[in-house]
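**Q** Reading the sequence shown from the start, the letters are residues 868 to 1187 in this note's numbering.
Shown below is the structure under consideration.
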Amino acid sequence: MVEDKILELLKRRDSGHVSGEELSEVFNVSRTSIWKHIEKLRSEGYDIAAAPHLGYRLVSIPDRLTGIELKWGLDTKIIGKKIYSYKEASSTNDIAYGMAVSGEREGAVVVAEYQTSGRGRLGRKWVSPGGKGAYFSIILRPDILPREISAITLLVSLAVAKAVRGITGLPAFIKWPNDILINGKKVCGILTELNGETDKVNFIITGIGININTKVELLPEGASSLAAEKGVAVDRLELVKAILRNIDKYYKIFNGGDTAAIIKEYKKLSAVLDRQVQINYHNKLMSGHVVDVDKEGALILRLDSGFNERILAGDVTMLR
Ligand code: BT5
């Protein structure tokens, strides 16, 4: 698209001007046509100043999670090589799943500003208010067994927690298996889904929902947003880019076989390790002390009876 190319040229010029003449030469279209493209970009929220004799200058970009902005300076190997952005989607996991079935390559990202049917685990709802959070899903095609899928949620949750800490300085912790908490409140959930056979993974979709500048009143009880915890708005684009970079990094380490390194970092940010918890797994309740998280992402629980139980999924309640 010509608009994307114009934008790129304006960005490369930093805050300098690009003349209408130069643009019309580069793209081989009339200056009136350039002006129309500039107007289109303005209507999308780009603040572009125009000065006589000097030309156009990019003043600011909109607070929107578009593919072009997310890819700008992303510099990842696998994650985000392709980014499909939507103003509105049913569920980004569902869209990514459909794309993966049609052969879309690993690393493709589907992002939406708003979801009409955002999902959590076990058919639960993910509240997805528009324009202030981020809802995105990534297609992965790792060479693993279906039972190792929890390791993906593990590395993604580590990537998110680290990015949140890096960008906001907030004390983000990981509540096994798939929540990110700040000050004990849920700011992010991860939904990892699989397409495969008993002994083969065709693809995995990992979906991340994160409350960034979302008003707490719009969220369920016990939830919060980064802005609410920090007291100021957070740059959504920078945060999502930091998450994608981290996933790229940890996914590479994971594929290289060094899960131990990931687990080591993960444990430092675990909200449940060494805590007394109750776990609800398919309506079976177990309580005990969390003694470890193993390399497949399973929780090792020392039951009150003294026996250890290896748990692959469930809902955790912290007891003390
Ligand atoms: C999750 O499920 O936490 C996984 C959520 C994954 C959402 C992303 S958004 C992009 C992609 N597309 C999708 O359709 N989904 C993924 P679970 O652990 O089952 O937690 C669900 C519970 O979290 C709900 O029952 C609520 O109690 C709570 N919840 C719902 N919306 C929330 C929100 N926005 N913030 C915090 N908590 C929320």
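All residues carry an ideal CB built from backbone N, CA and C; glycine is no exception.
By alpha-carbon positions, which one of LEU1012, ILE1034, TYR1002 ends up nearest to ILE1057?
**A** Taking the sequence shown and counting its residues from 1, the one referred to as residue 1057 is at position 190. The closest CA to that of ILE1057, considering only LEU1012, ILE1034, TYR1002, is found on TYR1002.
**Q** Considering just the uninterrupted stretch of the alpha helix (DSSP H) at ASN1080, what are its terminal residues?
**A** In the sequence shown, residue 1080 corresponds to position 213, counting from 1. Counting along the chain, ASN1080 falls outside any alpha helix (DSSP H), and DSSP gives it neither H nor E.
**Q** From THR1035 to ALA1128, what distance separates their C-alpha atoms?
**A** What you label residue 1035 is simply residue 168 of the sequence shown in a count that begins at 1. What you label residue 1128 is simply residue 261 of the sequence shown in a count that begins at 1. Those two C-alpha atoms are separated by around 24 Å.
**Q** From ASN1150 to GLY1089, what does the alpha carbon distance come to, in whole angstroms?
**A** Reading the sequence shown from its first residue, position 283 is the one you call residue 1150. Reading the sequence shown from its first residue, position 222 is the one you call residue 1089. Cα to Cα, the separation comes out at about 21 Å.
**Q** Looking at the C-beta of ALA963, does it have a partner C-beta in chain D at a distance below 8 Å?
**A** The structure shown has no chain D; it contains just one protein chain.
**Q** Could you check if SER1137 is buried or exposed, using at least 16 other CB atoms within 10 Å of its CB as the buried criterion?
**A** Here the question's residue 1137 lines up with position 270 in the sequence shown. Looking at its Cβ environment, which holds 16 or more other Cβ atoms inside 10 Å, SER1137 is buried.
**Q** Which full runs of the alpha helix (DSSP H) of 4+ residues lie inside the segment 1117-1170, going along the chain?
**A** 1126-1135
**Q** Cα separation between ARG972 and MET966?
**A** The sequence position of residue 972 within the sequence shown is 105, counting from 1. The sequence position of residue 966 within the sequence shown is 99, counting from 1. About 9 Å.
**Q** Got a sec: does ligand 1 put a non-hydrogen atom nearer than 7 Å to the Cβ of LYS1053?
**A** Working through the sequence shown from its first residue, we reach residue 1053 at position 186. The answer is yes for LYS1053.
**Q** Our contact map puts SER886 next to LEU921 with C-beta atoms below 8 Å; I'd like the distance itself, whole angstroms only.
**A** Position 19 of the sequence shown holds residue 886. Position 54 of the sequence shown holds residue 921. SER886 to LEU921, Cβ: 7 Å. Contact.
**Q** Is it buried or exposed for GLU854, if we count other Cβ within 10 angstroms and need 16 for buried?
**A** Here the chain has residues from 868 to 1187 only, and residue 854 is not among them.
**Q** Looking at C-alpha atoms only, which residue of TYR1117, LEU890, ALA1165 is the closest neighbour of ARG1014?
**A** Residue 1014 sits at position 147 when you count from the first residue of the sequence shown. Looking at the Cα atoms, ALA1165 is the closest of the given residues.
**Q** On the premise that ASN1175 lies in contact with LEU1168, defined as a C-beta separation below 8 Å, what is that separation, rounded to the nearest angstrom?
**A** On the sequence shown, position 301 is the one that residue 1168 refers to. On the sequence shown, position 308 is the one that residue 1175 refers to. The pair is a contact, with the Cβ atoms about 7 Å apart (cut-off 8 Å).
**Q** Helix, strand or coil for MET966, going by three-state DSSP, please let me know.
**A** For the purposes of this step, residue 966 is identified with residue 99 of the sequence shown, where counting begins at 1. Helix, per DSSP.
**Q** With a 10 Å radius around its C-beta and 16 neighbouring C-beta atoms as the bar for buried, classify GLU892 as buried or exposed.
**A** Here residue 892 is taken as the residue at index 25 of the sequence shown, counted from 1. Its Cβ having fewer than 16 others within 10 Å, GLU892 is exposed.
**Q** CB of SER891 to nearest heavy atom of ligand 1: below 7 Å?
**A** Taking the sequence shown and counting its residues from 1, the one referred to as residue 891 is at position 24. Checking every heavy atom of ligand 1 against the Cβ of SER891, none is found closer than 7 Å.
**Q** Are the Cβ atoms of ASP1182 and ILE1146 separated by less than 8 Å?
**A** As a first step, residue 1182 is located in the sequence shown; it is residue number 315 there, counting from the start. As a first step, residue 1146 is located in the sequence shown; it is residue number 279 there, counting from the start. Result yes, Cβ atoms of ASP1182 and ILE1146 sit closer than 8 Å.
**Q** Of the residues THR1081, ARG1103, VAL1107, ALA1109, which one's Cα is nearest the Cα of GLU1096?
**A** Your numbering for residue 1096 matches position 229 in the sequence shown. Selected option, being the one with the closest Cα: THR1081.
**Q** Ignore the nearest five residues each way along the sequence and tell me which others in GLU1105's own chain have a CB closer than 7 Å to its CB.
**A** Here residue 1105 refers to the residue found at position 238 of the sequence shown. So the list reads ILE1034, once near-sequence residues are dropped.
**Q** What do you reckon, are the CB atoms on ALA1276 and ILE1016 nearer than 8 Å?
**A** Because the chain spans 868 through 1187 in this model, residue 1276 falls outside it and cannot be assessed.
**Q** Does the beta-carbon of SER882 have 16 or more other beta-carbons within 10 angstroms, so that it is buried, or is it exposed?
**A** The count along the sequence shown starts at 1 and reaches residue 882 at position 15. With fewer than 16 Cβ atoms within 10 Å of its Cβ, SER882 is classed as exposed.
**Q** Report whether the distance from the Cβ of GLN982 to the nearest heavy atom of ligand 1 is below 7 Å.
**A** The residue you call residue 982 lines up with position 115 of the sequence shown. At least one heavy atom of ligand 1 is nearer than 7 Å to the Cβ of GLN982, so yes.
**Q** Would you say the beta carbon of TYR1002 is closer than 7 Å to some non-hydrogen atom of ligand 1?
**A** As a position in the sequence shown, residue 1002 is number 135, starting the count at 1. TYR1002 Cβ: within cutoff of ligand 1.
**Q** Out of ASN1050, VAL1158, LYS954, ILE1075, which one is the CA nearest neighbour of THR1020?
**A** Along the sequence shown, read from residue 1 onward, the residue named residue 1020 stands at position 153. The candidate whose alpha carbon is nearest that of THR1020 is ILE1075.
**Q** Among VAL1158, PHE894, TYR1117, whose alpha-carbon lies nearest the alpha-carbon of ILE945?
**A** Locating residue 945 in the sequence shown gives position 78, where the first residue counts as 1. Its Cα nearest to that of ILE945, the residue TYR1117 stands out among VAL1158, PHE894, TYR1117.
**Q** From what residue to what residue does the alpha helix (DSSP H) around LYS954 run?
**A** Taking the first residue of the sequence shown as 1, we reach residue 954 at position 87. Counting along the chain, LYS954 falls outside any alpha helix (DSSP H), and DSSP gives it neither H nor E.
**Q** Start and end of the alpha helix (DSSP H) containing GLU980?
**A** For this step, residue 980 is matched to residue 113 along the sequence shown. Where GLU980 is concerned, there is no enclosing alpha helix (DSSP H), given that its DSSP letter is neither H nor E.
**Q** For GLY1063, tell me which candidate among ASP1010, SER1024, SER1092, ILE1047 has the shortest Cα-Cα distance.
**A** What you label residue 1063 is simply residue 196 of the sequence shown in a count that begins at 1. Considering only alpha carbons, the answer is ASP1010.
**Q** In the structure shown, what three-state DSSP assignment does ALA1100 receive?
**A** Looking up residue 1100 in the sequence shown gives position 233. It is coil, neither helix nor strand.
**Q** Residues in the same chain with beta-carbon distance under 8 Å from ILE1079, minus the five sequence neighbours each way, listed in chain order, please.
**A** On the sequence shown, position 212 is the one that residue 1079 refers to. Excluding positions up to five away in sequence, the list reads LYS999, GLY1000, ALA1001, SER1092, LEU1093, ALA1094, VAL1101, ARG1103, LEU1106.
**Q** Find the nearest neighbour of GLY1192 within the set GLU1163, TYR981, ASN1113, THR1184, judged by alpha-carbon distance.
**A** Only positions 868 to 1187 of the chain appear in the structure, and residue 1192 is not among them; the question remains open.
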